[in-house]
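See below for the structure under consideration.
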Amino acid sequence: MMNSESESSSLREDRFELASILRTFQKQQQTLVLASLDDDKQTFSMVRMEGSRIRLLPQQNPGLLASPLTLVAEGSEAKIIFSITNVVTAEQQGQQQWLGELVPTFSYIQRRINLRVPVPLREAFTLAIHLPGHVELHRFFVDNFSTGGIGLFSRGLPDPAFKQGAIFKKVDLNLGEYGEYKVNVEVISLAPLDEPLVDHPEFTHRISMRFLNLSLITQRTFNKIAYTFEV
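Going by the working numbering, the first residue of the sequence shown is number 376, and it counts up by one from there.
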């Protein structure tokens, strides 16, 4: 059984909630590192919250102040993307720190851990993808499954189009008696099998994909199906 990770994001507008989340991150991680989206080389540690303002210590040379400044803060279960404005420098204990006002609007991205449960190998459990210029569907066979993604076996080396990061929309997922679904997927990894499967020597490669933008109804349905295989 494997774990896969998926994310659910929402846009929020509450300065007090944002400040509370940042305080929680600081307590959980002791030193909270913030990375600027505008300059991926610039990182900060969080000194403290001061009401609706945040005090930061640049980890590299401070450089030029930008206002507003967009930042991402990551915790173990979630991350937030937020901005600060009216940024000023402040000397404290010989350090040049930045002090900025929190912008109320922020993105909250919740991570969810999904169990990948093994699925009995059946001809009916497949993922079929049509590539432009190809007559036949490219068909993969389900190895494991969760609401976050799916592990698949391939007969022979897949087409070069199935490379890491490739996205395929509205592909056909057939789970036999559990239904047929149209899903969007992204290729996470592709590798040859370490050892051939005794009962299925025709399978030579394994490909892992994650689901993209599943509806809540489909997520609930997939959860029920995964639970069926788990028990």
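Ideal placement from N, C-alpha and C gives every residue a C-beta, glycine not left out. On a predicted model such as this, the values are computed, not experimentally measured, just so you know.
- List the endpoints of the continuous beta strand (DSSP E) containing L432. R428 to P433
- Query: Can you list the beta strand (DSSP E) stretches of 3 or more residues lying completely in the segment 491-519, in chain order?
  - Reply: 500-504
- Check whether the Cβ atoms of Q539 and I563 lie closer than 8 Å to each other. yes
- Task: Determine, using beta carbons only, whether L568 and F537 come nearer to each other than 8 Å.
- Result: no
- If you draw a straight line from the C-alpha of P535 to the C-alpha of S583, how long is it? 15 Å
- What do you get for D574, buried or exposed, if any count of 16 or more other CB atoms within 10 angstroms of its CB means buried? exposed
- Query: Contact between the segment 387-399 and the segment 475-484: three or more CB pairs below 8 Å?
  - Reply: yes
- Would Q472 pass as a contact of R430 if the rule is Cβ separation under 8 Å? yes
- Which residues share a DSSP beta bridge with V457? Inspection of the sequence shows that residue 457 is occupied by Phe rather than by Val. BP columns for F457 point to L446.
- Which listed residue (T579, N559 and E552) has its alpha carbon closest to that of P533: T579
- Expressed to the nearest angstrom, what Euclidean distance is found between the alpha-carbon atoms of K545 and G524? 15 Å
- Message: Please tell me whether F604 and P507 are closer than 8 Å, where the distance is taken between their beta carbons.
- Response: no
- Item | Chain-order list of residues whose beta-carbon lies under 6 Å from that of A503 (same chain, five-residue window excluded) | L512, R514 and D547
- G554: which of N519, F597 and F543 sits nearest, CA to CA? F597
- Message: So, under 8 Å CB-CB, L496 and R581 are touching, yes? Tell me the CB distance rounded to an integer number of Å.
- Response: About 12 Å separates the two Cβ atoms, so there is no contact after all.
- Item | CB contact flag (P443, T460, <8 Å) | yes
- Span of the beta strand (DSSP E) around E555: E555 to P567
- beta-carbon P495 near the ligand PLP non-hydrogen atom, thresh 7 Å: In terms of ligand content, the structure shown is empty, and the ligand PLP therefore cannot be addressed.
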